[in-house]
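Residue numbering for the sequence shown follows our numbering, starting at -1 and increasing by one per position.
Glycine is no exception: its CB is placed at the ideal position from the N, C-alpha and C atoms.
A quick write-up on the structure given underneath.
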Amino acid sequence: MNNLMIFENKPVEVLGLNGQVLFNPYDCGECLDLEKSSVRNYLSEMNERQSVLLKNSDVLNKDFRKLNNRGEKFLTESGVYKLIFKSKKKEAEKFQDWVTDVVLPQIRKTGGYIPVNEEMSEAEIMAKALLISQKTIEKKDELLKAKTKELEEKNRFLNQISASSNSILVRDVAHLATKQNIKIGEKRLWNKLREWGLIQKGSTKPMQRALEQGLFEKSEFVIQRSHGVETKFTTRVTGKGQVYIIERLLKESA
């Protein structure tokens, strides 16, 4: 992997992204003799200037590994210094010197980590940097095309729903969401609808404004009981409501 730099025989994952140099916190912790649990705790205390959450859609470098689906936290330069400060290792200062004297200058010079050796000339280093830059642009184009195709498919899907005059149950809307790679079951969807103020709390009845907006319908039916007749209501989601719910879920999952 071309994003690994070596500090005293220990690999450290480093990435140049959007003008920032980002470091794998656990690799840095390994160099500083910090336990993973300690690094995890320090990460939870850091602000957005010290650590950032990276997702696969953020990483355009083809040579960079695939991240966890939920994303992974990386340290900024400020975050690395904070982690160094937490280390009691005598050699922590040496690690700081390596970051400031080796890693940062190289990435700022080339825009990314370029694996080089001492025999390479300045022209060879820049040529390698240009090649990696070209690969990054190609990857970005691929991602844009894939995103465009995905949006077109979602628009077709939503248009089909919108054109439908059929209202469906909430559990069926959950099934539609699953087809769009939104992991949500019926119970969670009911909770979402209550959270959004569309369904009454502790109930499955729609709020009056949601009915007036045409997002839901109430289907009435009668049940014959031994003591008499009981009227029940079923909440159904209109085509307009289905589009609203799916679009909102997609935005929240983006």
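Given this structure, state the Cα-to-Cα distance separating Val50 from Gln240, to the nearest angstrom.
34 Å
Spell out a yes or no on whether the stretch 92 to 107 and the stretch 36 to 44 are touching, meaning 3 or more CB-CB pairs, one atom from each, closer than 8 Å.
no
Can you look up Leu51 in the DSSP assignment and give me helix, strand or coil?
strand
With DSSP as the reference, label Leu15 as helix, strand or coil.
strand
Just the C-alpha distance for Glu11 and Glu193, rounded to the nearest angstrom, thanks.
40 Å
Contacts around Phe5, its chain only, beta-carbon distance under 8 Å, and the 5 residues preceding and following it disregarded:
Cys29, Phe93 and Trp96
Are the stretch 169 to 177 and the stretch 203 to 215 touching, with three or more C-beta to C-beta distances below 8 Å?
In short, these stretches do not touch, since the Cβ pair count stays below three.
For Met(-1) and Val171, what's the separation of their Cα atoms in angstroms?
At Met(-1), the pLDDT of 44 sits below 50, so the modelled position is not reliable and the matter cannot be decided from this model.
With 16 as the cutoff for other CB atoms within 10 Å, does Lys230 come out buried or exposed?
exposed
Quick check: the Cα distance between Gln198 and Ile221, rounded to an integer number of angstroms?
23 Å
In this structure, does DSSP put Lys87 in helix, strand or coil?
coil
Val57, DSSP secondary structure in three states
coil
CA-CA distance, Lys143 and Asp56?
15 Å
Please report the distance separating the alpha-carbon of His225 from that of Thr236.
34 Å
Would you list the one or two residues that DSSP bridges to Lys71?
Leu51
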